[in-house]
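Residue numbers (UniProt numbering), protein chains in the order written: chain Y, 1 to 320; chain F, 1 to 325.
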């Protein structure tokens, strides 16, 4: 575990000590460290459990953005067979911030797509850090058209800081592209399930997350604005991100109470980045369950249910 | 020096100044600086008579000029729950609401009405930038849904005037959810075969553009309106280069194929009535009134040497707060 978050520092120290002892024991076989190492491991495990059982909204933001957290590509590779990427918006370009195509999930053909942030400098730049341009949303519309025409369910994996704020993106109609993508989601006559796997950043997320069922990983976030942006606008102070994160109620737990999401997918202890395989497995299982539930529902009902769901939002607030 | 100077004098002073300085008689044009007399400015629907600059106008003032004879009937909007997140930044959200209500005399940031334009029955909705930056929260969402439902019930077109800094952050995720909600409203109109015309006014930014404001059958903007998803400041910070002149203004969007038309406020009524008449096959029965001149019997007093402060303070400043990239 290399990338510790700032609030995990005490944990890093303990785990570091344990690893040091292990290294020493390897060098000197007569040393008996078993007891000490076991003690340290226990302490670390307890601390990890405690830290992650009481994550504040701001800490959840940090976990949701953790560089080692599994990304869209990891999920598709692990959960799908016969993944066949489909590219381009037929107008301008192929946007690598949104990847997607045809695949089989549990043997069933689906259209799968999502924001991909990249995992190292090169791929992050190629993916534009998961910030899509209009081309990305127009590609998403194309893929949804395809799914609708051939009766395939749509699965989306949402993980974006937001749609890209750039000159070209604005000139080519970022807002129109997002609006059309949202509209396309709402019109789908096939089941659509979205999973917020990391960051659900504002309109950039909504464009491909207006689904029959929206799931959220336990420590992911979904918000109208980043805590940083909110702090600088409402507090006029960029250091108030913690307060903004609290006020925005952007955690999966709050969003479930508000009825914005339908289900929380539990993460492995210490967050998805500590055991990506387990996080991916849990998401796969949850997706399979949702798709099975929706598989018998007719197109008109799916549309009507989706509409009813969104029109009905806001009927309940959070407990004081 | 003592409690008299600290307390009594400021109170007495404020009483006098309040009585003696009449407010809002003169407004300074944000663009050319011309002092404009209120009656003249109102007659021109708050468009500068010197340079043509379009200033912010309230939905009520707009509707009075837009509907035939200034007569319209408000459409009821279902009241959402108040402060669902118990939001608090430097102020509590309910306090911000109260302040906005007191400042504007309006209940919320959108007004929905039914009436006729040039004899053609329509439903119209207008966003109020002076009410918390026109921000889109649950009420605005409800208003757009109510407008669409009313239009469908009466089989009338919907004309929507947008103006907003974006989503209302104080309602958190629920404000974001107005994007899909209002998109459902647009689809209701489309399915009913009813025209949906959007007039984008200054400024329309953020999540508002990424939903109902960009989905019109015909997209018209007022001259000079800032229309964007991400604001110019955010973009400049991201790409670290200077943006071209007129970037994200109505004319720029027209050039880039994002709008059908850019039309002056004074000509909107006639143009929209004509478009709707052609789309719906209905005849116009009443001609659009010509843009009224300043009443000749109302002598215009000389402008004061200094712009009165209250008017200046109420003039909207350009760049609104926006909900991020």
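Even glycine gets a Cβ: it sits at the ideal position worked out from N, Cα and C.
Note that the structure is a prediction, hence the values are computed from the model and not measured.
At a beta-carbon threshold of 7 Å, the residues of chain Y lying near residue 89 of chain F are 234, 235 and 247, ordered along the chain. Remark: three or more beta-carbon pairs, one from each stretch, lie closer than 8 Å, so the segment 158-177 of chain F and the segment 224-233 of chain Y are flagged as touching. For the segment 159-183 of chain Y, residues whose beta-carbon sits nearer than 8 Å to a beta-carbon of chain F comprise 161, 162, 163, 164, 165, 166, 167, 169, 170, 171, 172, 173, 174, 175, 176, 178, 179, 180, 182 and 183. Contact note: residue 211 of chain F reaches chain Y through 175, 178, 179, 182, 183, 203 and 206, using a C-beta cutoff of 9 Å and chain order.
Going by C-alpha positions, residue 167 of chain Y is about 33 Å away from residue 34 of chain F. In summary, residue 182 of chain F is buried, with 16 or more beta-carbon neighbours lying within 10 Å of its beta-carbon over all protein chains present.
Annotated as proximal: residue 98 of chain Y and residue 115 of chain Y, with beta-carbon spacing under 7 Å. Pairing residue 129 of chain F with residue 100 of chain F gives a Cβ-Cβ distance that is not under 7 Å.
Here residue 281 of chain Y carries a helix assignment [DSSP, helix/strand/coil]. Not a single C-beta of chain Y is nearer than 7 Å to the C-beta of residue 218 of chain F. The C-beta of residue 56 of chain F comes no closer than 7 Å to any C-beta of chain Y.
Residues of chain F whose Cβ lies closer than 7 Å to the Cβ of residue 210 of chain Y are, in chain order, 180. DSSP, reduced to helix, strand and coil, places residue 189 of chain Y outside both helices and strands of the structure shown, so it counts as coil.
Using a CB distance cut-off of 7 Å, residue 137 of chain Y does not count as an interface residue toward chain F.
In the DSSP annotation of this structure, the continuous segment of the beta strand (DSSP E) that includes residue 104 of chain Y starts and ends at 98-105. Listed in chain order, the non-local C-beta contacts of residue 275 of chain F below 8 Å within the same chain comprise 195, 197 and 218, local neighbours out to five positions each way being set aside. Look at residue 72 of chain F here: in three-state DSSP terms it is strand. Cβ atoms of residue 158 of chain F and residue 189 of chain F come within 8 Å of each other, at about 6 Å.
The secondary-structure analysis by DSSP pairs residue 180 of chain F with nothing; it has no beta-bridge partner.
When DSSP states are grouped into helix, strand and coil, residue 80 of chain Y belongs to the strand group.
Ranked by Cα distance from residue 77 of chain Y, the first of Y/280, Y/234, Y/251 and Y/137 is Y/280. Counting other Cβ atoms within 10 Å of its Cβ, residue 160 of chain Y reaches 16 or more and is therefore classed as buried. Taking the Cβ atoms as the reference, residue 263 of chain Y lies roughly 11 Å from residue 218 of chain Y, outside the contact range of under 8 Å. The three-state secondary structure of residue 228 of chain F, taken from DSSP, is strand. Contact annotation: residue 204 of chain Y and residue 259 of chain Y have beta-carbon atoms that are not nearer than 7 Å.
Judged by DSSP in its simplified three-state form, residue 107 of chain F adopts coil rather than helix or strand. At a cut-off of 7 Å between beta carbons, residue 238 of chain F contacts chain Y. Annotation: the continuous alpha helix (DSSP H) that includes residue 65 of chain F extends over 59-66. The residue from Y/50, Y/96 and Y/59 with its alpha-carbon nearest to that of residue 245 of chain Y is Y/59. Chain F places a beta carbon closer than 7 Å to that of residue 230 of chain Y, counting this residue as a contact.
Across the set F/243, F/170, F/131 and F/160, the C-alpha of F/160 shows the shortest separation from the C-alpha of residue 122 of chain F. Taking every protein chain shown into account, the CB of residue 90 of chain F has fewer than 16 other CB atoms within 10 angstroms, so this residue is exposed. When F/127, F/286, F/283 and F/279 are compared, the shortest CA-CA separation from residue 143 of chain F is found for F/127.
Taken atom to atom, the span from the alpha-carbon of residue 152 of chain F to that of residue 292 of chain Y is near 36 Å.
Comparing C-alpha distances from residue 241 of chain F to each of Y/165, Y/268 and Y/172 shows the shortest one belongs to Y/165. Residue environment analysis places residue 314 of chain Y among the buried positions, since at least 16 neighbouring C-beta atoms fall within 10 angstroms of its C-beta.
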